[in-house]
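Trainee: The structure that follows is given in the form of structure tokens.
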Amino acid sequence: MPQIIDCPSPNFDERKLPLSILVLHYTGMQDAASAIARLTDAAAKVSSHYIIAEDGQILRLVEESKRAWHAGRSHWRGIDDVNSASIGIEIVNPGHEFGYRPFTEAQYEALLPLMHDICGRYGITRGNIVGHSDIAPTRKEDPGELFDWERLAKVRLALPRPVKYLTDPHWSEGGFLLALERFGYEVIDGSAAVRAFQRRYRPERIDGEIDGQTRAILLSLLTGGDKAAEAKRSQG
Numbered sequence: 021m022p023q024i025i026d027c028p029s030p031n032f033d034e035r036k037l038p039l040s041i042l043v044l045h046y047t048g049m050q051d052a053a054s055a056i057a058r059l060t061d062a063a064a065k066v067s068s069h070y071i072i073a074e075d076g077q078i079l080r081l082v083e084e085s086k087r088a089w090h091a092g093r094s095h096w097r098g099i100d101d102v103n104s105a106s107i108g109i110e111i112v113n114p115g116h117e118f119g120y121r122p123f124t125e126a127q128y129e130a131l132l133p134l135m136h137d138i139c140g141r142y143g144i145t146r147g148n149i150v151g152h153s154d155i156a157p158t159r160k161e162d163p164g165e166l167f168d169w170e171r172l173a174k175v176r177l178a179l180p181r182p183v184k185y186l187t188d189p190h191w192s193e194g195g196f197l198l199a200l201e202r203f204g205y206e207v208i209d210g211s212a213a214v215r216a217f218q219r220r221y222r223p224e225r226i227d228g229e230i231d232g233q234t235r236a237i238l239l240s241l242l243t244g245g246d247k248a249a250e251a252k253r254s255q256g
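If you want it as structure tokens, here you go:
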């Protein structure tokens, strides 16, 4: 892991909850300098714990013991004060507004060991490693459909996308949204929640439509379907 450089932000306060979530963002600004300037500007009232530049350099803006202001109005698995319960990592990328593009190899090479260290120290589970769009589906799209979640999943730093033995449970719209809420999403705006789920687990088609594949992926995530089916198949 590259050396971490301290670049203190004044934008933090005290935590009110134990640490249990890790949130990944893209900066969504034209360049790294603009993002760093904003995240360290007292007037902006935003920050994160870390920011990873395109060359893989890691800056620490807020100490992990403090509550950085990266999540905004958000919700995950019953927690509304996500800032208090989370570590926030910003990854430099212009985002959808300024020319969204794939993240760099150097960024992944810096991100994975940083995440491994954080999750190991705080016992953060794969189900609580999320994107900004997962916790704020009506407001955010980051880190977006070009982020390689499967690369993280291969080293147990994210839930993998279910791909085998998928079964459509044929839930009604209401049934699907209840299941999505059970998984962790806020479903006040159903279409936005569905799009956020698709962006994370089916990024090739983000349309907000509850189709058979979307239902089947969610069912598998809720039940551990891939593992259960593999075990059953091996026994048979």
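Residue numbers (this note's numbering): 21 to 256.
Glycine is no exception: its CB is placed at the ideal position from the N, C-alpha and C atoms.
Remember, it's a predicted structure, so these values are computed and weren't measured experimentally.
1) Rounded to whole angstroms, what's the CA-CA distance from R225 to Y205? Just pull it up for me.
2) What first and last residue would you give for the beta strand (DSSP E) that runs through F32?
3) D137 by DSSP, collapsed to three states: which one?
4) So I107 is in the beta strand (DSSP E); what residue range does that whole segment cover?
5) From the DSSP secondary-structure annotation, give me the bridge partner or partners of R87.
6) Which whole-angstrom value is the C-beta distance of L37 and M135, which I expect to be below 8 Å?
7) For the alpha helix (DSSP H) that contains I155, what are its first and last residues?
8) Can you give me the Cβ contacts of Y221 inside the same chain, cut-off strictly under 6 Å, excluding the 5 residues immediately before and after it?
9) What is the rounded straight-line gap between the Cα of D26 and the Cα of Y70?
10) When the Cα of E7 is compared with those of V175, D227 and R121, which residue comes out closest?
Mentor: Judging by the given coordinates:
1) Straight-line spacing of the CA atoms in R225 and Y205 works out to 19 Å.
2) It spans F32 to E34 - the beta strand (DSSP E) in which F32 sits, taken as one unbroken run.
3) Three-state DSSP puts D137 in a helix.
4) Taken as a continuous stretch (DSSP letters only), the beta strand (DSSP E) holding I107 covers S106 to I111.
5) Answer is D33, bridged to R87.
6) About 20 Å separates the two Cβ atoms, so there is no contact after all.
7) Under the DSSP assignment, I155 falls in the alpha helix (DSSP H) whose first and last residues are H152 to I155.
8) If we look at Y221 and ignore the five residues flanking it on each side, its Cβ neighbours are R181 and I237.
9) Those two C-alpha atoms are separated by around 9 Å.
10) As displayed, the chain neither begins before 21 nor continues past 256, which places residue 7 out of reach and without an answer.
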